[in-house]
Amino acid sequence: MNRVFLKPGRESRVIAGHPWVFAGDVDRADPAAQPGEVVQVLSSGNRFLGQALYNPNSQIVLRVLTHTDEVIDDEFIRRRVRAAVNLRRQLGNFDCCRLIFSESDLLPAVIADRYGDVLTFQCLSLGMARFQDTIIQTLVEETGVKGVWERNNVPVRLLEGMELTSGLYWGEVPDVIPINENGLIINVDVKGGQKTGYYLDQRENRAAIEPYCKDARVLDVFTHTGSFALHACKFGAREVTGVDISELAVQSAQENARINGCRMAKFVAANAFDYLRDASDRGEKYDLIILDPPPFAKNKANVEGAARGHKEINLRAMKMLNDGGVLVSNSCSYNMTTDLFRATLISAALDARVTLQFLEWRSQGRDHPVLSTAPETQYLKCVIMRVLR
Ligand code: SAH
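For the sequence shown, the positions run 9 to 397 when the numbering used here is used.
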């Protein structure tokens, strides 16, 4: 097996269990080592540290698979896939959940979501690509799904030196798949929808808004398929408005409202920043506002701009909330740390001249577990707070 040697002093992260090794930590590789193959990882002092997927063309040169010398073959991968699936069986909602959450399931850069009889699949590292068939086959055996849709059209694949592809991988995949989430029917478009069709990571957080919805006037900003808005309706809201910049998202939210008989919900296609400014200028008042923006900080360099964006939308929302009204504010960028997010919310509150009463600090759903050795796997922050004036 080919070997990759780390620079002196760079082994501590690997020993601590972090699954990534960056280009700057690597000293040299055996000349025969090929992109995508499994290599042995060694310290500068020749100490065996583990086995990893090697890709010299990626910023993440090594993705550690194991710290032992066990054989890495299809059977090894199948064991890991079955372990991931067994956890979801245990958690419940097995018919609609994230089955594999990349590093958190020890399957680097692999994402698989299940929507009833359909599986969506993403493989974002070159090394895992040659195990893709094995992974999918095992998932099909374990779940009995009837179709698999490949969503390998994510630009990070280019950084790994991989092609962008998407389409039918196997079996049958309908254009729209109705799923049941917390008792609501939501149509998921795995072919054209965002991410892998739906944001499964917010399921528990959507259910968590229940106490604040009765008779409430609700604004759900960045609504996508309308899921928070529809939950608000189900939990007794008086009037609900959902806003999203995507016409397609708004159409699907309207259709979902119709299917669920949510007559008190309406949806608007608009830029959230403009919508919030105009509504706040008009003096609109709400009892509950949900903010669930896309990742404003895709990397460390954007963090400052991201904080400004978060501050602006939260400030507007806080101004529009009645005394005792509730703000559910989300950030899905890992780079926007919990501390920075808290500081941003507090700074917005100061400018809005309100006091926040923090009720809950939540994260992503349990089918997106967090790995203690890879802090990057905890990305979602969902803060529920009351606004006191
Ligand atoms: N709340 C949704 C997920 C939101 S994802 C859920 O629970 O499923 C982020 C959404 O923000 C996407 O649907 C995207 O279309 C929308 N979006 C991105 N930029 C926007 C902007 N400037 N104004 C309004 N919506 C925006």
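The beta-carbon is built from N, C-alpha and C at its ideal position, and this holds for glycine as well. Please read these numbers as outputs of a predicted model, since none were measured by experiment.
Segment contact, 8 Å Cβ cut-off, at least three pairs: the region 182-200 with the region 349-368: no
Would you say residue 29 reaches chain C, if we count a Cβ-Cβ gap shorter than 8 Å as a contact? Any reference to chain C falls outside this structure, which holds one protein chain only.
How many Å lie between residue 323 and residue 219 at the Cα? 23 Å
Give me the DSSP bridge partner(s) of residue 185. 196
Considering just the uninterrupted stretch of the beta strand (DSSP E) at residue 21, what are its terminal residues? Premise fails: residue 21 lies in the alpha helix (DSSP H), 20-23, not in any beta strand (DSSP E).
Hey, out of 335, 255, 275, 257, whose CA is closest to residue 248's CA? 275
For residue 361, name the three-state secondary structure that DSSP assigns. coil
In chain order, what are the residues with a CB under 5 Å from some non-hydrogen atom of the ligand SAH? 207, 210, 230, 232, 235, 252, 253, 254, 257, 279, 280, 300, 302
Cβ neighbour criterion (16 or more within 10 Å) applied to residue 116: buried
By DSSP, does residue 275 sit in helix, in strand, or in coil? strand
Please classify residue 110 as buried or exposed, where buried requires at least 16 other C-beta atoms within 10 Å of its C-beta. buried
When DSSP labels each residue in this structure, what does residue 284 get in the three-state scheme? helix
6 Å Cβ shell around residue 227 - same chain, five flanking residues per side excluded: 249, 294, 297
From the DSSP output, in three-state form, read off residue 374 for me. coil
Output yes or no for whether 8 Å exceeds the beta carbon distance between residue 49 and residue 58. yes
With 16 other Cβ atoms within 10 Å as the buried cut-off, status of residue 309: exposed
Which of the three DSSP states, helix, strand or coil, is assigned to residue 135? helix
Cross-strand partners of residue 155 (DSSP beta bridge): 126, 179
From residue 34 to residue 25, what does the alpha carbon distance come to, in whole angstroms? 16 Å
May I have a chain-ordered list of the beta strand (DSSP E) segments no shorter than 3 residues that lie completely inside the region 303-342? 329-339
Quick one: give me the first and last residue of the beta strand (DSSP E) that residue 46 is part of. 46-50
Considering Cα atoms alone, identify which of 369, 312, 392 is closest to residue 386. 369
Since residue 258 is in the alpha helix (DSSP H), which residue starts that stretch and which ends it? 255-267
Kindly confirm or deny that the region 147-159 and the region 189-196 touch, where touching means at least three C-beta pairs closer than 8 Å. no
Coarse secondary structure for residue 104, derived from DSSP in three states: strand
Would a C-beta distance cut-off of 8 Å place residue 273 and residue 237 closer than the cut-off? yes
Count the other CB atoms, across all protein chains shown, that sit within 10 Å of the CB of residue 6; report buried if there are 16 or more and exposed otherwise. Beyond the ends of the chain as shown, which are 9 and 397, falls residue 6; an answer cannot be given.
Can you give the Cα-Cα distance for residue 343 and residue 63, rounded to whole angstroms? 24 Å
Unbroken beta strand (DSSP E) run spanning residue 202, endpoints: Residue 202 -> no beta strand (DSSP E), and no H or E assigned at all.
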